[in-house]
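Trainee: Residues 1 to 453 (full-length UniProt numbering) are what the sequence shown spells out, left to right.
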Amino acid sequence: MSEQTPGSAEPTFTAPGTLTPVVTDMWDKQRSWTLDAYRDAGGYQGLARAKTMSAGELVDLVKASNLRGRGGAGFPTGLKWSFLPAPDGLPRYLVVNADESEPGTCKDMPTLMANPHALVEGVAITSRAIGADRAFVYVRGEVAHAYRRLLHAIHDATDAGLLDDGFGLDGQQPLKIVAHAGAGAYICGEETALLDSLEGRRGHPRLRPPFPAVQGLYARPTVINNVETISSVPGVLTRGAAWYSSMGTERSKGHGLFSVTGHVVNPGQFEAPFGITMRELIELAGGMRPGHKLKFWVPGGSSTPIFGPEELDVPLDYESVIGAGSLLGTRALQVFDDTVSVVRVVSRWTEFYQHESCGKCTPCREGTYWMRQIMTRLEAGQGRPGDVEKLEDIAANISGRSFCALGDAAATPIASGIKRFRSEFEAGYTTPAAELFPPAASSIVNSQAQSGR
Ligand SMILES: Cc1cc2nc3c(=O)[nH]c(=O)nc-3n(C[C@H](O)[C@H](O)[C@H](O)COP(=O)(O)O)c2cc1C
Ligand code: SF4
1 MSEQTPGSAE PTFTAPGTLT PVVTDMWDKQ RSWTLDAYRD AGGYQGLARA KTMSAGELVD
61 LVKASNLRGR GGAGFPTGLK WSFLPAPDGL PRYLVVNADE SEPGTCKDMP TLMANPHALV
121 EGVAITSRAI GADRAFVYVR GEVAHAYRRL LHAIHDATDA GLLDDGFGLD GQQPLKIVAH
181 AGAGAYICGE ETALLDSLEG RRGHPRLRPP FPAVQGLYAR PTVINNVETI SSVPGVLTRG
241 AAWYSSMGTE RSKGHGLFSV TGHVVNPGQF EAPFGITMRE LIELAGGMRP GHKLKFWVPG
301 GSSTPIFGPE ELDVPLDYES VIGAGSLLGT RALQVFDDTV SVVRVVSRWT EFYQHESCGK
361 CTPCREGTYW MRQIMTRLEA GQGRPGDVEK LEDIAANISG RSFCALGDAA ATPIASGIKR
421 FRSEFEAGYT TPAAELFPPA ASSIVNSQAQ SGR
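Spelled out as C-alpha cells, the structure:
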C-alpha cells in the first residue's frame, strides 16, 4: 500500500478495490493467445451453450446480464441486438469495432494480442443471437501485429470446426469472420464512418436515421459493438446473467477494463467492477511517481472533461462520473502529476483532433484548425490578449453543432482545461509552457531510467 499523497485533497490511499479478471484472466498464461490455451481455460464452452439456445433466448440472457457497450457510450448491449427488424430472408451482419484510436485508450489491442479467442467466441455467440452468418472485425490499420494475431485466431477456430454450423437465419449455416484492416483514421471508429470505410468508401459519418440496426453494412440490418463488449459475452454465457450483474453498481453492472497510464509507478490494465474509484486504481498501480503529486486526470480518454484530486473518490460508473461533470468513455484513465503543463497536454490533444477531423462539417473542420493555431501560440508563450476567450467561444460553437461526436470531443479538453486551469492558459500570453513546466521533468522514460526500471 502506498503512503503517497496524490494531491491537495490530502488523501492517503485506502485498501485497493477488488479486481475481477475475466477477459484478462489468462493474459499472463503461456501462449495465452492460442486456441489450446484458451480451451484449457474453459474457452468455447459459452459457444457450446449458445448452440443449445435460440436467438431470442440469447438476446434475453444478455439483456438480463445488463452488459453495456464498452466502446464509450455504455448503450445496453442486449437491447441493441433486439433492435434488428424481424428476419426477411436476406443477410444481417455483426461488425466489431476494433479501431481503438482515442488518445489514452488501450484495452482492445491488448485484448486482441493476449486473448483473441475471447473475441472470436463472442463474435460467434453474438452472430447466433442476431441470425448472422457473416461477421466483420474492423481493426485499426496501424496495429498490424494485433491484426495478424486476430487472423490466426479466426483461422484456428475455423480449422477446428468451431464455426462450422449453428449460424445464420436458420441457425444451421457456417460462420465466416472477416478481419478487415482500416487505414488508420480516428473517425473510422465512429460506427457509421466505419461502415462507409468497410464498404470501400472514404470514412465519413452517415446521417441517422436510418440507424445501422435497420440499414447498416450494405444497407442491411447490422449490429456494431466494441471489442471489449463482444469479448465479455462468453463470460455471460458460461457463468450466467446473475453472476455478471452481481458486479458493479446499481445501473453500471459487470466488469470492465480500466487502463491507467501516465505518472503512476506501474501503469497497466486493471479489470475491475464498475464503481471502483481512481484512488483505488492509483493504489493498484503502485501510487504516483515518487516525489510528485497528482495534478489532474481524465476518466475516459482525451475527449472527457478533466478531473482533479477532488474527484479521486467518484465511483467509476457511467452515472456517477456524469454526475461529477465528466464521462466514463473508454475508461482510459490518464494521470498527470505536478510537473505537467495543462496547456501542453491540451495542445497535443487539439493537434490530434484537428488532424483527425474528417472535414465533412464546417464547425469541426474550421474550428479545430483555429483552436490548434491558438493553442500553438499559447504553448509558445506568444498568445494574444483575448485568446482564451476566443478559444472558449470557438469550443462552444463546435460543441453540439457538429455532425458527429468528434467535434464535441475536440472542444472538450479546451473548455474543461480553461475551466480548471485558466491562469495557466493566460500565462501563455507571455511565458512558454516549456519554461513554466520543463518537459524533461514530466518524461516517464527519464524517471524510469533514474529509478532503474
Ligand atoms: C470519433 C469517434 C470515434 C470512435 N471510436 C471508437 C472506437 O475506436 N472503438 C469503439 O468501439 N467505438 C468507437 N466509437 C463509438 C462507436 O461509434 C460506437 O458507439 C461503438 O462502437 C458501439 O459499440 P458498443 O455499443 O459495444 O459500445 C467512436 C465514436 C466516435 C464519435
Ligand atoms: S464533427 Fe468533425 S469528424 Fe465529425 S463529421 Fe464533422 S468534420 Fe467530420
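The beta carbon of each residue, even a glycine, is placed where N, CA and C say it ideally should be. The model shown is predicted, which means the values in this text are computed figures rather than measured ones.
#1: Would you give the residue range spanned by the beta strand (DSSP E) that Ile224 belongs to?
#2: To the nearest angstrom, how far is the alpha carbon of Val227 from that of Gly256?
#3: Give a yes or no on whether the C-beta atoms belonging to Phe44 and Asn115 are separated by under 9 angstroms.
#4: Thinking just about the alpha-carbon of each residue, which of Thr330, Gly308, Ile444 is nearest to the one in Ala324?
#5: Cα separation between Thr261 and Gln334?
#6: Below 8 angstroms on the Cβ atoms is my contact criterion, and I expect Val342 with Phe296 to pass it. Report the Cβ-Cβ distance as a whole number of Å.
#7: Is it right to say Val445 is buried, meaning 16 or more other beta carbons lie within 10 angstroms of its own, or is it exposed?
#8: Less than 8 angstroms between C-beta atoms, sequence neighbours within five positions excluded: which residues of the same chain meet that for Thr125?
#9: For Ala153, which residues in the same chain have their Cβ closer than 6 angstroms to its Cβ, ignoring the five residues on either side in sequence?
#10: Enumerate in chain order the residues of its own chain whose CB-to-CB distance from Val346 is below 7 angstroms, with the five nearest sequence positions on each side excluded.
#11: Straight-line CA distance for Ala242 to Ala64?
#12: Quick check on the burial criterion: 16 or more other C-beta atoms within 10 angstroms. Buried or exposed for Pro363?
#13: Is DSSP giving Gln269 helix, strand or coil here?
#14: For ligand 1, is there a heavy atom less than 8 angstroms away from the beta-carbon of Phe421?
#15: Is it true that the CB of Pro273 sits closer than 9 angstroms to the CB of Thr18?
#16: Measuring only the C-alpha atoms, how far is Asp40 from Ser54?
#17: Nearer than 8 angstroms: is that true of the beta carbon of Gly74 relative to any heavy atom of ligand 4?
#18: Does the beta-carbon distance from Asn97 to Ile224 come in below 9 angstroms?
#19: Nearest CA to the CA of Arg202: which residue from Leu406, Thr192, Gly268?
#20: How should Asp165 be labelled, buried or exposed, when 16 other C-beta atoms within 10 angstroms of its C-beta is the threshold for buried?
#21: Taking the continuous beta strand (DSSP E) assigned at Gln334, which residues delimit it?
#22: How many angstroms separate the CA atom of Arg208 from the CA atom of Phe336?
#23: With His180 as the anchor, note down where its beta strand (DSSP E) starts and where it stops.
#24: Please state the DSSP three-state secondary structure of Ala98.
#25: With ligand 2 as the reference, list in chain order each residue whose Cβ lies under 6 angstroms from any of its heavy atoms.
#26: Inspect the beta-carbon positions of Ala132 and Gly89 and report whether they are closer than 9 angstroms.
#27: Measuring alpha carbon to alpha carbon, tell me which residue in Gln30, Thr20, Phe75, Arg348 is nearest Leu328.
#28: In chain order, which alpha helix (DSSP H) runs of at least 4 residues are fully inside the region 47 to 81?
#29: Do Lys29 and ligand 1 come close, with the Cβ less than 8 angstroms from some heavy atom?
#30: According to the Cβ coordinates, are Val95 and Thr277 closer than 9 angstroms?
#31: With C-beta atoms as the reference, is Leu391 less than 9 angstroms away from Ala433?
#32: Would you say Leu175 and Leu150 are within 9 angstroms of each other, going by their C-beta atoms?
#33: Within this structure, are the beta carbons of Tyr369 and Gln354 separated by less than 9 angstroms?
#34: Along the chain, where does the alpha helix (DSSP H) that runs through His155 open and close?
#35: Along the chain, where does the beta strand (DSSP E) that runs through Arg134 open and close?
#36: Just list the alpha helix (DSSP H) runs in the region 393 to 440, keeping only unbroken ones of 4 residues or longer that don't cross its boundaries, in chain order.
Mentor: Concretely, from the data shown:
#1: The residue labelled residue 224 in the question sits at position 224 within the sequence shown. For Ile224, the enclosing beta strand (DSSP E) starts and ends at 222 to 226.
#2: Within the sequence shown, the letter at position 227 stands for residue 227. Within the sequence shown, the letter at position 256 stands for residue 256. Their Cα atoms are separated by approximately 12 angstroms.
#3: Translated into the one-based positions of the sequence shown, residue 44 becomes position 44. Translated into the one-based positions of the sequence shown, residue 115 becomes position 115. The amino acid occupying residue 44 in the given sequence is Tyr; Phe does not appear at that position. No, the Cβ-Cβ distance between Tyr44 and Asn115 is not below 9 angstroms.
#4: If you number the sequence shown from 1, residue 324 lands on position 324. Ala324 has its Cα closest to that of Gly308, out of Thr330, Gly308, Ile444.
#5: As a first step, residue 261 is located in the sequence shown; it is residue number 261 there, counting from the start. As a first step, residue 334 is located in the sequence shown; it is residue number 334 there, counting from the start. Across the structure, Thr261 and Gln334 are spaced so that their CA atoms are roughly 5 angstroms apart.
#6: Residue 342 sits at position 342 when you count from the first residue of the sequence shown. Residue 296 sits at position 296 when you count from the first residue of the sequence shown. Their Cβ separation, rounded to whole angstroms, is 7 angstroms, which keeps Val342 and Phe296 in contact under 8 angstroms.
#7: What you label residue 445 is simply residue 445 of the sequence shown in a count that begins at 1. Residue environment: Val445 is assigned as exposed (fewer than 16 neighbouring CB atoms within 10 Å of its CB, all protein chains considered).
#8: Within the sequence shown, numbered from 1, the residue matching residue 125 stands at position 125. It is worth fixing the name first, because residue 125 is Ile in this sequence and not Thr. So the qualifying residues of the chain are Gly46, Leu47, Ala50, Leu58, Val233, Pro234, Leu237.
#9: Residue mapping note: residue 153 aligns to position 153 of the sequence shown, counting from 1. Only Pro116, His117, Val120 meet the Cβ criterion.
#10: Within the sequence shown, residue 346 is the residue found at index 346, counting from 1. So the list reads Met375, Pro413, Ile414, Gly417, once near-sequence residues are dropped.
#11: Along the sequence shown, one-based indexing puts residue 242 at 242. Along the sequence shown, one-based indexing puts residue 64 at 64. Their Cα atoms are separated by approximately 8 angstroms.
#12: The residue you call residue 363 lines up with position 363 of the sequence shown. Buried is the call here.
#13: For the purposes of this step, residue 269 is taken as residue 269 along the sequence shown, with counting starting at 1. Residue state, collapsed to three classes: strand.
#14: Taking the first residue of the sequence shown as position 1, residue 421 is located at position 421. For ligand 1, not one heavy atom lies less than 8 angstroms from the Cβ of Phe421.
#15: As a first step, residue 18 is located in the sequence shown; it is residue number 18 there, counting from the start. As a first step, residue 273 is located in the sequence shown; it is residue number 273 there, counting from the start. Between Thr18 and Pro273, the gap from beta carbon to beta carbon is short of 9 angstroms.
#16: Your numbering for residue 40 matches position 40 in the sequence shown. Your numbering for residue 54 matches position 54 in the sequence shown. Rounded to whole angstroms, Asp40 to Ser54 spans 27 angstroms at the Cα level.
#17: As for ligand 4, it is missing from this structure, which binds only ligand 1 and ligand 2.
#18: Taking the sequence shown and counting its residues from 1, the one referred to as residue 97 is at position 97. Taking the sequence shown and counting its residues from 1, the one referred to as residue 224 is at position 224. Between Asn97 and Ile224, the C-beta spacing is below 9 angstroms.
#19: Your numbering for residue 202 matches position 202 in the sequence shown. If we check each option's Cα against that of Arg202, Thr192 comes out closest.
#20: Position 165 of the sequence shown, counted from the start, is the residue given in the question as residue 165. Looking at its Cβ environment, which holds fewer than 16 other Cβ atoms inside 10 Å, Asp165 is exposed.
#21: In the sequence shown, residue 334 corresponds to position 334, counting from 1. For Gln334, the enclosing beta strand (DSSP E) has its first and last residue at 332 to 337.
#22: Taking the first residue of the sequence shown as 1, we reach residue 208 at position 208. Taking the first residue of the sequence shown as 1, we reach residue 336 at position 336. Using only the alpha carbons, I get a separation of about 37 angstroms.
#23: As a position in the sequence shown, residue 180 is number 180, starting the count at 1. In this chain, the beta strand (DSSP E) harbouring His180 covers 176 to 181.
#24: Your numbering for residue 98 matches position 98 in the sequence shown. Here Ala98 sits in strand by DSSP.
#25: The set, ordered by position in the chain, is Ile187, Pro205, Ser357, Cys358, Gly359, Lys360, Cys361, Cys364, Arg365, Ser402, Phe403, Cys404, Leu406, Gly407.
#26: Numbered from 1 along the sequence shown, position 132 holds the residue referred to as residue 132. Numbered from 1 along the sequence shown, position 89 holds the residue referred to as residue 89. Cβ atoms of Ala132 and Gly89: not closer than 9 angstroms.
#27: For this step, residue 328 is matched to residue 328 along the sequence shown. When only C-alpha atoms are compared, the closest one is Phe75.
#28: Listed in chain order, they are 55 to 65.
#29: Residue mapping note: residue 29 aligns to position 29 of the sequence shown, counting from 1. Lys29 Cβ: outside cutoff for every heavy atom of ligand 1.
#30: Along the sequence shown, read from residue 1 onward, the residue named residue 95 stands at position 95. Along the sequence shown, read from residue 1 onward, the residue named residue 277 stands at position 277. At a Cβ-Cβ threshold of 9 angstroms, Val95 and Thr277 do not count as neighbours.
#31: As a first step, residue 391 is located in the sequence shown; it is residue number 391 there, counting from the start. As a first step, residue 433 is located in the sequence shown; it is residue number 433 there, counting from the start. In this structure, Ala433 does not lie closer than 9 angstroms to Leu391 by Cβ.
#32: One-based indexing of the sequence shown puts residue 175 at position 175. One-based indexing of the sequence shown puts residue 150 at position 150. No, Cβ-Cβ distance for Leu175 and Leu150 is not below 9 angstroms.
#33: Along the sequence shown, read from residue 1 onward, the residue named residue 369 stands at position 369. Along the sequence shown, read from residue 1 onward, the residue named residue 354 stands at position 354. Result yes, Cβ atoms of Tyr369 and Gln354 sit closer than 9 angstroms.
#34: The residue you call residue 155 lines up with position 155 of the sequence shown. For His155, the enclosing alpha helix (DSSP H) stretches over residues 144 to 159.
#35: By 1-based counting over the sequence shown, the position of residue 134 is 134. Segment 134 to 139, the beta strand (DSSP E) holding Arg134.
#36: Taking only runs of at least 4 residues, the alpha helix (DSSP H) segments lying wholly in the region 393 to 440 are 405 to 427, 433 to 436.
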